[in-house]
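>
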Ligand code: GDP
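In this note's numbering, the protein residues as written are 981 to 1298.
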């Protein structure tokens, strides 16, 4: 389709978490050339397992663009086997984090290159190139920024909360542990200077977008960004398609709705995209000072992803 459609005259910076972010990222990658798109991905979920550096959101975006993501889960590699994990379980390890055999190679390679002194940006670029991905995928930072969820059962590292405890404990706060501040990755810096549009993919506002905004200077840079800024709501009809976004909103005393997601992006977004189901909320978002696009935002097929990406760009650039 890319060949017969006119080329967009824009450079886009897309901010993404994992599963929701990767869907729109794929749509954008299908309509923008590699020199027109930078995907900046949350690394607040990164964790060390068995001595290996795992970057779940980077991997989800990378595998999705490489066309090898598992369509059932949205994360991991399609046709994956879990022989290593089964053996580890047999040895008596508490193996609550799903590490597939092929996926493991990614983490081994990443860890080796990091141990050789390369930055996470350099490593990610090498992995993506090896997977045949042409568009730029970058971590939000090469420094450590860890998402911590304070819950009724104590403070949990992100993966403890999300995977081990299945997001079940009631959350009271989300914090980011940065050891004195995480600087934006060089690619993030460059994209902020060179892009004409910022797209907030439909990612979890607390667990995927907030960590990106927590990187030193980023909130201010986006607030002062001279181009267009547009976000797609991950909350549809008061619910998340997947994950704890709506549950967290309720626990933090805000209504789980697209309107309350939009409120978090006041001053950061010029336009906000909501689903047809939420058409009756458009006026409320309009009164927050954002232009509203109402359309189908549920991305099931590849065509859905491309169509939404196109609508997002057309609306922002109209
Ligand atoms: P995670 O890090 O893997 O949890 O991924 P993200 O933060 O990027 O995505 C999680 C969010 O994506 C959830 O709040 C979902 O509601 C949202 N999401 C998933 N699929 C879709 C979709 O097809 N359309 C929209 N609008 N949101 C989606």
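Note that beta-carbon positions come from the ideal geometry of N, C-alpha and C, so glycine has one too. Computed from a predicted structure; not experimentally measured.
(1) For residue 950, which residues from the same chain have a beta carbon less than 6 Å from its beta carbon, with the 5 sequence-adjacent residues on both sides left out?
(2) Can you list, in chain order, the residues of its chain whose CB lies under 6 Å from that of residue 981, leaving out five sequence neighbours each side?
(3) Report the residue ranges of all alpha helix (DSSP H) runs contained in full by the region 1104-1191; include only those spanning at least 4 residues, in chain order.
(4) Taking residue 1013 as the reference, give the member of 1179, 1082 and 992 with the closest Cα.
(5) Which residues in the same chain have their Cβ closer than 6 Å to the Cβ of residue 1273, if we skip the five residues on either side of it in sequence?
(6) Alpha carbon to alpha carbon, how far is residue 1120 from residue 1170? Give it in angstroms, no decimals.
(7) Are there any heavy atoms of ligand 1 lying less than 6 Å away from the beta-carbon of residue 1281, as far as the coordinates show?
(8) Which runs of the alpha helix (DSSP H) fall wholly inside the region 1223-1287 and span at least 4 residues, in chain order?
(9) With hydrogens ignored, establish whether the beta-carbon of residue 1296 is closer than 6 Å to any heavy atom of ligand 1.
(10) Count the other C-beta atoms from every protein chain shown that fall within 10 angstroms of the C-beta of residue 1256, then say buried if there are 16 or more, exposed otherwise.
(11) Hey, could you find the ends of the beta strand (DSSP E) residue 1212 is sitting in?
(12) If you reduce the DSSP assignment to three classes, tell me which class residue 1195 lands in.
(13) Is residue 1164 buried or exposed, if buried means 16 or more other CB atoms sit within 10 Å of its CB?
(14) Any heavy atom of ligand 1 within a distance shorter than 6 Å of the CB on residue 1037?
(15) Between residue 1048 and the rest of its own chain, which residues show a CB-CB distance below 8 Å, the 5 nearest in sequence each way excluded?
(16) What is the DSSP secondary structure of residue 992, counted as helix, strand or coil?
(17) How far does the alpha helix (DSSP H) with residue 1075 in it reach, from first residue to last?
(18) According to DSSP, which residues form a beta bridge with residue 1216?
(19) Quick one: is residue 987 buried, meaning 16 or more other Cβ sit within 10 Å of its Cβ, or exposed?
(20) Per DSSP, what are the beta-bridge partners of residue 1033 in this structure?
(21) Using CA coordinates, which residue listed in 1279, 1088, 1221 and 1209 is at the minimum distance from residue 1293?
(22) Got a sec: does ligand 1 put a non-hydrogen atom nearer than 6 Å to the Cβ of residue 1144?
(23) Sort out for me which residues DSSP pairs residue 1049 with in a bridge.
(24) How is residue 1023 classed by DSSP in three states: helix, strand or coil?
Checking against the coordinates, here is how it stands:
(1) Residue 950 lies beyond the range of the chain shown here (981 to 1298); nothing can be said about it.
(2) Its pLDDT being 49, under 50, residue 981 is placed unreliably by the model, and the measurement read from it follows with that caveat. For residue 981, where only same-chain residues beyond five positions count, there are no Cβ hits under 6 Å.
(3) 1166-1174
(4) 992
(5) Around residue 1273, the same chain offers 1253 and 1295 as residues with beta carbons nearer than 6 Å, after the five sequence neighbours per side are excluded.
(6) 12 Å
(7) Taking non-hydrogen atoms of ligand 1 into account, the C-beta of residue 1281 is found less than 6 Å away from none of them.
(8) 1225-1231, 1238-1244 and 1262-1266
(9) no
(10) Around the Cβ of residue 1256, a 10 Å sphere holds fewer than 16 other Cβ atoms; the residue is exposed.
(11) 1208-1212
(12) coil
(13) buried
(14) In terms of side-chain proximity, the C-beta atom of residue 1037 is found nearer than 6 Å to a non-hydrogen atom of ligand 1.
(15) 1057, 1058 and 1111
(16) In the three-state scheme derived from DSSP, where H, G and I count as helix and E and B as strand, residue 992 is classed as strand.
(17) Element bounds for residue 1075: n/a, residue is neither H nor E.
(18) 1219
(19) It counts as exposed.
(20) 1028
(21) Residue 1209 is the option with its Cα nearest to residue 1293.
(22) Result no, Cβ not under 6 Å from ligand 1.
(23) 1057
(24) coil
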